[in-house]
Each structure stands twice: as C-alpha cells, then as structure tokens.
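>
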Amino acid sequence: MRSFAFRMRNLLWIVVAVAIWSPLTGCGPQAVTKWYKGNTHTHTWWSDGDSPPETVVKWYKDHGYHFLVLSDHNVLSEGEKWVATDKRRGGAASIYEETFGTAKVVRRQRADGQTEYLCAPLDKVKDQFEEPERFLLVQGEEISDSAEGKPVHLNGVGLTAVIPAQRGSDIFVTLQNNVNAVLAQEAQMCHPMLVHVNHPNFGWALRAEHMARLQGPVMFEVANGHPGVNNLGDDTYMSTERMWDVVLTKRLAEYGLPVMYGLGTDDAHNFVAPGGAGPGRAWVVVRSSALTADCLIEAMCRGDFYASTGVVLKDIRFSGDRLDIEIEPRPGVCYKTQFIGTLAGYDDTVAYLPSDPKRGLTCRYTDDIGQVLSEQTGTIASYQLTGKEIYVRAKVISTARHDVPVVAGDCQVAWCQPVQPGCRSGGAR
Ligand SMILES: [Zn+2]
Ligand SMILES: [Zn+2]
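Quick note on numbering: my numbering labels position 170 of the sequence shown as 374, and the sequence is numbered without any gaps.
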C-alpha cells in the first residue's frame, strides 16, 4: 500500500498539467483541435544517424509529417560539430550536396585530405523547414544510459539543455533518475517537456516490472521501427505490447500510479540505403489545438494521441463509461478493433521462467491481464465499460500490409491510449 504523500505527489502532476501549463500555453483540451502526425525519435549526423539533419527533416516533411523530434544520443542539435565522411556516410554527403546545392553545404578539407561537413544546428534547420501549422521541429535527446550491463535509453522531448546520462545502481534506479532529470528541467524552465522510455526489448534490457514502478509522467515505445529492438519478444520475453498490459495493471491496481501511454516511433538512423533502421515505420498522431511543442506535449500528456504503423483514425471519444473509435476507411481494406483490458479481481499469479544467466529472470502473468474484452469489425467500434475494468485500450488491426515492415508481413495497426472507468480524460501526469 502506497503512502498518502506518494499518492499526493502523483496527483500534483495532474495539477501541474491542467492548472499551470494550460493557462500559460493557451492550449487546453477545450480549444478547437486538429490531428498532427509526428515522430519523436530520430537520429542524424549529430550522433550515429547516417545523414545530415536537413536530409532527415526533408524526408519527414516530404512524407506529410507535421512534426519531428531530433533525438540524438546524449547531445542536442546545437553548437558546432564537423562530421567526416566515412564508408557509411559517404553516400549521404553526396545526396546532401545534390539535394541542397554546394552553396548551402558547409564543408572543409582536413590536413589528411578527408572532407568534413558542418552539422547544421536545429535553429538553422528550423529556419529552413518550419511552416506555421504545417511543419514543426522540436529539440530532443536520446539519453543513452546503461545499467547492469544493459542499454537504458529514454527520450527527452522539448529539452532546452542536454541531460547527461544520470546513472544508477540498477536498471530501475537508472530509469527513474533519468525521468527525474527531465522533470527537473521541465520544472526549472517552466514549459512542458515529455519523457519516454525507448525500445524496452533492445538488448533484452527492460522488463515490465521496471517500467511499472516508474514515478512521474512517463510514456514508453510500444512500437519502435528499428529492426533490432525485438518489439515482438520471443519464447521467453514478452512483447512490448504485452508489457504495456502488465505495466498498466500493476501501476493502476498495485502501485496507485497513473496510466502509462504508448508511442510509435521510427528510431530512424538510415536514410541512404533502403532497409536498416529507415524512416516511416511507426509514429504518433496527436490531437492538439495548435502545432506548437507546448500544445503537442500537453495533448500527449492528456493521452490525446494514438500510435500507428499505418491505420488512420477519424476520431476517438471517451465519455467516462464508453469508448468509441472511428476509423478512416481505405478502399479494399478491412479493420478489426480489439478492446483490451484487465478486470478487477484478476488472477495475479506470477510464474518465474527459468533464468538465462545472460538475459536474466523473466515473469509470466496470467491471461487475465490484458485480455480481449471485445472484438469488432468495421470502421466504427464501441466499448461500453461496466466499471469492473482497471483500464481499457483499443487496438485497430487492418488487413493492409505495412509499406516498410519491421518484420516481413506486418499489417498496419493503431494503438489507442488506455482509459479508466469514470475518468473523462486520461492524464499521464
Ligand atoms: Zn536507443
Ligand atoms: Zn534511438
């Protein structure tokens, strides 16, 4: 049982979101809203991406995205950085010069004869690409930490200063320390920021049990487009989507913590050669009153967004006891909507799977957690809550194949955010 003070601290985040940010930013939930498509996880020459920021940003803008967060490893896109072309980046340099013209590309010769390119800071790229209500760039960082010999990565979105990896005595403490660092910067700078845990199954690093206990408003990547991050799990380790159900059940029923929202992101690194960690695999669509970083982050912290790998939603409505989903139809495509949740009184038995010394212990939960409560076909789906649900979330699965699948044969999917009985709007804060 959690203390009164602990519960009050979580309540405080809701107060911060509703009472402080909305009046300051003028983007409360009651304003006229639109859907904006964006990606919050992208790499460039500022770290290990294969292409300069302009090439990366142009790809997203040309493909109809409304916003993009550049999130390189442990660095913001600012200051002066020269990048020497190597085998991987050589092709990108040629494309860079061909696309933007040698007059716009700043380069120099090193003493050893190698060519270096100046990496454009975000301010300069914003001037080049941003358009009001059409395209927005947001400063971000992939805080790339490690613990227990495993990668621990989180994205800070809307940051104004770089956050060094915070370190910690174990994986959970490392996650929490980095979440806290983003929240501390948010409080200090007095404008909304967002933190999400990245690719839990990358290196088989993170468990549902780590994420379930995280305090503060924090989200996670239910779908990461990088082919090496094991979204689907394996015989021993649960998929990221299964983790979501375990995390939600434990947070709400055991720990008295708020819901955790799920994102789709690209984690794109490769824009030159097809395949690899390319763009266009997973994204978020946010219902916001304006295309500004503050409004988008506020909307996401209210849960007013969905993750997608292709399915487009017309509307998501939640009245407090009924969840309605409306899907944008595409010719020749069929849709199945699953309403997934856990009911009060669920069987909380946990089985511990034999430990693989290299990969660590893993838990298996009963089918009561994250069960399909209703399944419907068509472009309209509704679920009437009975009050017994700890949470409900909707997943829309289409018959359309993904254009650039992570795993061959992937179909296009959308994941809506979880809701709780009696709560008119969500709130990660
Ligand atoms: Zn990462
Ligand atoms: Zn990444």
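Ideal Cβ positions, reconstructed from N, Cα and C, are used throughout, including at glycine.
Quick caveat: nothing in here was measured; it's all calculated off a predicted structure.
So for residue 212, helix, strand or coil by DSSP?
Note that residue 212 scores 47 on pLDDT, short of 50, meaning its location in the model is unreliable and no value can be drawn from it.
> Return yes when the Cβ of residue 397 is within less than 8 Å of the Cβ of residue 501, no when it is not.
In contact: residue 501 and residue 397 (Cβ atoms closer than 8 Å).
> Would you say residue 381 reaches chain C, if we count a Cβ-Cβ gap shorter than 8 Å as a contact?
As a matter of chain content, chain C is missing from the structure shown, which is built from one protein chain.
> To test your reading of the DSSP string, which unbroken alpha helix (DSSP H) runs of 4 or more residues are found completely within the stretch 312-376?
The qualifying runs are 326-333.
> Please report the straight-line C-alpha distance between residue 589 and residue 439, rounded to a whole angstrom.
Their backbone Cα atoms lie some 33 Å apart in a straight line.
> DSSP on residue 610, reduced to helix/strand/coil?
Of the three classes helix, strand and coil, the one that applies to residue 610 here is coil, per DSSP.
> Considering just the uninterrupted stretch of the beta strand (DSSP E) at residue 473, what are its terminal residues?
Residue 473 -> no beta strand (DSSP E), and no H or E assigned at all.
> Identify whether residue 275 lies in helix, strand or coil by the three-state DSSP scheme.
Strand.
> Please report the distance separating the alpha-carbon of residue 403 from that of residue 412.
The straight-line gap from Cα to Cα measures roughly 12 Å.
> So residue 288 is in the beta strand (DSSP E); what residue range does that whole segment cover?
Where residue 288 is concerned, the enclosing beta strand (DSSP E) stretches over 286-288.
> Using the C-alpha atoms, what's the distance from residue 496 back to residue 237?
Distance between the alpha carbons of residue 237 and residue 496 is about 12 Å.
> Is there at least one non-hydrogen atom of ligand 1 closer than 7 Å to the beta-carbon of residue 183?
In the structure as shown, the chain begins at 205 and stops at 633. Residue 183 is therefore absent and cannot be evaluated.
> Identify, in the order they occur along the chain, each residue of the same chain with its Cβ nearer than 6 Å to the Cβ of residue 627, setting aside the five sequence neighbours on each side.
Answer for residue 627: no residue qualifies.
> Please classify residue 298 as buried or exposed, where buried requires at least 16 neighbouring CB atoms within 10 angstroms.
Exposed, because fewer than 16 other Cβ atoms sit within 10 Å of the Cβ of residue 298.
> By the DSSP assignment, the beta strand (DSSP E) with residue 545 in it spans what residues?
From DSSP, the beta strand (DSSP E) with residue 545 extends over 539-547.
> Is the distance from the Cβ of residue 241 to the Cβ of residue 487 below 8 Å?
The answer is yes: Cβ separation under 8 Å.
> So, with DSSP's three-state summary, where would you put residue 519?
Strand, per DSSP.
> Give me the Cα-Cα distance between residue 493 and residue 327, rounded to the nearest whole angstrom.
When rounded, the distance between both Cα atoms is 24 Å.
> Any residues whose CB sits closer than 5 Å to a heavy atom of ligand 1? List them in chain order?
Qualifying residues come out as 357 and 402.
> Under 5 Å, CB to any heavy atom of ligand 2. Which residues pass, going along the chain?
With the cut-off at 5 Å, the residues found are 346 and 471.
> So for residue 207, helix, strand or coil by DSSP?
Residue confidence is low: residue 207 scores 45 on pLDDT, short of 50, so the model does not pin down where it sits. Its coordinate-derived value is still stated next. Coil at residue 207, not helix or strand.
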